[in-house]
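Participant: If you read the sequence shown in my numbering, its first letter stands for residue 86, the second for the next number, and so on. C-beta: ideal position from N, C-alpha, C; glycine also. In this text the structure is predicted, and so the values were computed from the model without any measurement.
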Amino acid sequence: MSIPMSSPDLTAAEIDAVHQVISTPVLSIGPRLDAFERAIAAFSGCAHGVGVNSGTSGLHLAVIAAGVHQDDYVLTTPFSFIASANCILYERAVPIFVDVDRATGNIDPALVAAAADDLARGGASVSGAAARRWLPPALRAAPPSGRLRAILPVDAFGQPADFDPILATARQHALCVIEDSCEALGARYKDRPAGSLGDVGVFAFYPNKQITTGEGGVIVTDREDWRDLFRSLRNQGRDVFDAWLNHTRLGYNYRLHEMSAAMGLAQMSRIEELLARRAQVAAWYNERLAAIPWIECPQVLPETTRMSWFVYVIRLLPPASRDAVMARLAERGIPSRPYFTPIHLQPFYRSTFGYAEGAFPVTEELGRISLALPFSSVMAETQVDEVCAALRGMEHV
Ligand SMILES: *Cc1c(COP(=O)(O)O)cnc(C)c1O
Numbered sequence: 086m087s088i089p090m091s092s093p094d095l096t097a098a099e100i101d102a103v104h105q106v107i108s109t110p111v112l113s114i115g116p117r118l119d120a121f122e123r124a125i126a127a128f129s130g131c132a133h134g135v136g137v138n139s140g141t142s143g144l145h146l147a148v149i150a151a152g153v154h155q156d157d158y159v160l161t162t163p164f165s166f167i168a169s170a171n172c173i174l175y176e177r178a179v180p181i182f183v184d185v186d187r188a189t190g191n192i193d194p195a196l197v198a199a200a201a202d203d204l205a206r207g208g209a210s211v212s213g214a215a216a217r218r219w220l221p222p223a224l225r226a227a228p229p230s231g232r233l234r235a236i237l238p239v240d241a242f243g244q245p246a247d248f249d250p251i252l253a254t255a256r257q258h259a260l261c262v263i264e265d266s267c268e269a270l271g272a273r274y275k276d277r278p279a280g281s282l283g284d285v286g287v288f289a290f291y292p293n294k295q296i297t298t299g300e301g302g303v304i305v306t307d308r309e310d311w312r313d314l315f316r317s318l319r320n321q322g323r324d325v326f327d328a329w330l331n332h333t334r335l336g337y338n339y340r341l342h343e344m345s346a347a348m349g350l351a352q353m354s355r356i357e358e359l360l361a362r363r364a365q366v367a368a369w370y371n372e373r374l375a376a377i378p379w380i381e382c383p384q385v386l387p388e389t390t391r392m393s394w395f396v397y398v399i400r401l402l403p404p405a406s407r408d409a410v411m412a413r414l415a416e417r418g419i420p421s422r423p424y425f426t427p428i429h430l431q432p433f434y435r436s437t438f439g440y441a442e443g444a445f446p447v448t449e450e451l452g453r454i455s456l457a458l459p460f461s462s463v464m465a466e467t468q469v470d471e472v473c474a475a476l477r478g479m480e481h482v
């Protein structure tokens, strides 16, 4: 039996929950959505949750709520899944990437502070050499006329970004903080839950995440006005008090259907078990890989008072070759993936913004040496053994 890269963890409880929904006439905007939103909000320590049809949709709506308009700027990380930068482009704003901390792969708060100082110094618009050096190369000659509005950190691999200094920078410059917590349901930073660390947080429930709804996401916030705004935006711009087919603003169809919400609710009733199993699988990997000198295991900082394991990503130290390791694993039927590929080096970002290698050295190094191994809550100890035995057998890669 070959080992899958990832796997959802579904039981009779989830199957029953979905069956119950499809025997009723209410397949969208019903009681399961409401209950699921409440469960996610409570679990992440936020007053409100709003379900949407993907994490990407949730991030897009968070960017709108933050008041990010065309030609504005948002500080974010290039070491992430592409959605965390694309959501800025959906509003025709400009992602300003800053490099990451090597230990965690999360955005470097010192660079966030430096970039915010330089970009905000010009006042209403970005001008001057100090500000321009942070801009994408293709925009430096004629910077867009907007202003810096928000910071969008990502909790990479299930470990929260270092939020306290980021929040201090945000306060200093009156910026919104959007937390991409799509990989971090259940994680804690200094005992505060992921999702609650900024002004708004977003979770995602694709089948490889800690819990799944097939496709889906939930936006969490303490702001009641934003909760109402998100409900309107996901539902074609209709306000709660609008008459049928009266549309107050430009909205979208980002609704989460009842089958997904029911599945998510059943998953949330097992959340502690799911997180504990993932932590167990990570511990099995840690034990078996610790002694291999050319492998660096994931590092969990003391500020991360709970790690929520989303993926298990190792680093292959020179002279080990990642391509060779991947090929040798594949020969044994073991999948693995480079993770993440830096966003600024993706073809669309290169051609639109003029990025090339050398722009963000730490991100690029991590992009070259990081390798995600098979990982899920249903993975057996014998499967971890198989992956680790294959790696141990490669002394000359
Ligand atoms: C999974 C993920 C998302 C959202 O993904 P969807 O497939 O749209 O649900 C966003 N950001 C990060 C970092 C993710 O890992």
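Restricting to Cα atoms, I'd like to know which of Gln257, Asp327 and Ala269 is closest to Ala201.
Facilitator: Gln257
Participant: With distances taken Cα to Cα, identify the nearest neighbour of Arg187 among Leu118, Gly418 and Leu386.
Facilitator: Leu386
Participant: Quick one: Cα of Met411 to Cα of Ile304, how far?
Facilitator: 36 Å
Participant: Can you determine whether any heavy atom of ligand 1 sits closer than 7 Å to the C-beta of Phe164, and answer yes or no?
Facilitator: no
Participant: Tell whether a beta-carbon distance below 8 Å holds between Arg323 and Gly336.
Facilitator: yes
Participant: Quick check on DSSP: helix, strand or coil for Leu401?
Facilitator: It is a strand residue.
Participant: Compare the Cα-Cα distances from Ala195 to each of Pro250, Gly152 and Leu430 and report the closest residue.
Facilitator: Pro250
Participant: Can you give me the C-alpha to C-alpha distance between Ser421 and Ala241, rounded to a whole angstrom?
Facilitator: In a straight line, the C-alpha of Ser421 is about 18 Å away from that of Ala241.
Participant: Is it a yes or a no for the region 155 to 171 touching the region 325 to 345, going by three-plus beta-carbon pairs under 8 Å?
Facilitator: no
Participant: Just to confirm the assignment: which complete beta strand (DSSP E) runs, minimum length 3, are found wholly within the region 121 to 162?
Facilitator: 133 to 137 and 158 to 161
Participant: Taking the CB atoms as reference points, tell me whether Thr298 and Ala346 lie closer together than 8 Å.
Facilitator: A Cβ-Cβ contact shorter than 8 Å links Thr298 with Ala346.
Participant: So Glu450 is in the alpha helix (DSSP H); what residue range does that whole segment cover?
Facilitator: Pro446 to Ile454
Participant: Could you check whether the Cβ of Thr109 sits closer than 7 Å to any heavy atom belonging to ligand 1?
Facilitator: At a threshold of 7 Å, Thr109 does not count as near ligand 1, since its beta carbon sits no closer than that to any of the ligand's heavy atoms.
Participant: Please find out if some non-hydrogen atom of ligand 1 comes closer than 7 Å to the beta-carbon of Ala289.
Facilitator: yes
Participant: Measure the C-alpha to C-alpha separation of Pro423 and Ile380 and round it to an integer number of angstroms.
Facilitator: 14 Å
Participant: Scan the region 352 to 437 and note each continuous beta strand (DSSP E) run of 3 residues or more that stays entirely inside, going in chain order.
Facilitator: Counting only runs of 3 or more, we get 389 to 391 and 397 to 401.
Participant: Rounded to whole angstroms, what's the CA-CA distance from Met90 to Ala215? Just pull it up for me.
Facilitator: For Met90 and Ala215, the distance between alpha carbons rounds to 44 Å.
Participant: Please identify the residue among Glu122, Arg413 and Pro221 whose C-alpha is closest to the C-alpha of Val287.
Facilitator: Glu122
Participant: Could you tell me the boundaries of the alpha helix (DSSP H) in which Arg312 lies?
Facilitator: Glu309 to Arg319
Participant: Tell me which residues share the same chain as Val463 and place their Cβ nearer than 6 Å to its Cβ, disregarding the 5 neighbours each side in the sequence.
Facilitator: Excluding sequence neighbours, Val463 sits near Ser92 and Asp94.
Participant: Exposed or buried, Gln155, counting other C-beta atoms within 10 Å across all chains shown (16 or more means buried)?
Facilitator: exposed
Participant: Counting only the same chain and skipping the five closest in sequence on each side, list residues whose C-beta sits under 7 Å from that of Val447.
Facilitator: Asp184, Val185 and Arg187
Participant: Quick one: give me the first and last residue of the alpha helix (DSSP H) that Arg477 is part of.
Facilitator: Glu466 to Arg477
Participant: Given a cut-off of 8 Å, decide if Leu270 and Leu118 are closer than it, judged by their beta-carbon atoms.
Facilitator: no
Participant: For Glu300, which residues of its own chain have a beta-carbon under 8 Å away from its beta-carbon, when the five flanking residues on both sides are left out?
Facilitator: Asn138, Ser139, Phe290, Tyr291 and Ser345
Participant: Please classify His104: is it buried, with 16 or more other beta-carbons within 10 angstroms of its beta-carbon, or exposed?
Facilitator: exposed
Participant: For Pro459 and Ala272, what's the separation of their Cα atoms in angstroms?
Facilitator: 21 Å
Participant: Verify the contact flag: Tyr271, CB atom, against every heavy atom of ligand 1, threshold strictly below 7 Å.
Facilitator: First, the residue type needs correcting, since residue 271 is Gly and not Tyr in the sequence shown. Because no heavy atom of ligand 1 lies under 7 Å away, the Cβ of Gly271 does not count as near it: no.
Participant: Quick one, which of Ile107, Thr96 and Gly136 has its alpha-carbon nearest Asn338's?
Facilitator: The candidate whose alpha carbon is nearest that of Asn338 is Gly136.
Participant: Less than 8 Å between the beta carbons of Glu264 and Gly243, yes or no?
Facilitator: No, the Cβ-Cβ distance between Glu264 and Gly243 is not below 8 Å.
Participant: Please confirm whether any heavy atom of ligand 1 lies closer than 7 Å to the CB of Glu268.
Facilitator: True, at least one ligand heavy atom lies under 7 Å from that Cβ.
Participant: Can Thr141 be considered in contact with ligand 1, in the sense that its beta carbon sits closer than 7 Å to one or more heavy atoms?
Facilitator: Thr141 Cβ: within cutoff of ligand 1.
Participant: Please classify Ala132 as buried or exposed, where buried requires at least 16 other C-beta atoms within 10 Å of its C-beta.
Facilitator: Answer is exposed; the Cβ neighbour count stays below 16.
Participant: Straight-line CA distance for Arg355 to Ser461?
Facilitator: 15 Å
Participant: If you reduce the DSSP assignment to three classes, tell me which class Ser169 lands in.
Facilitator: helix
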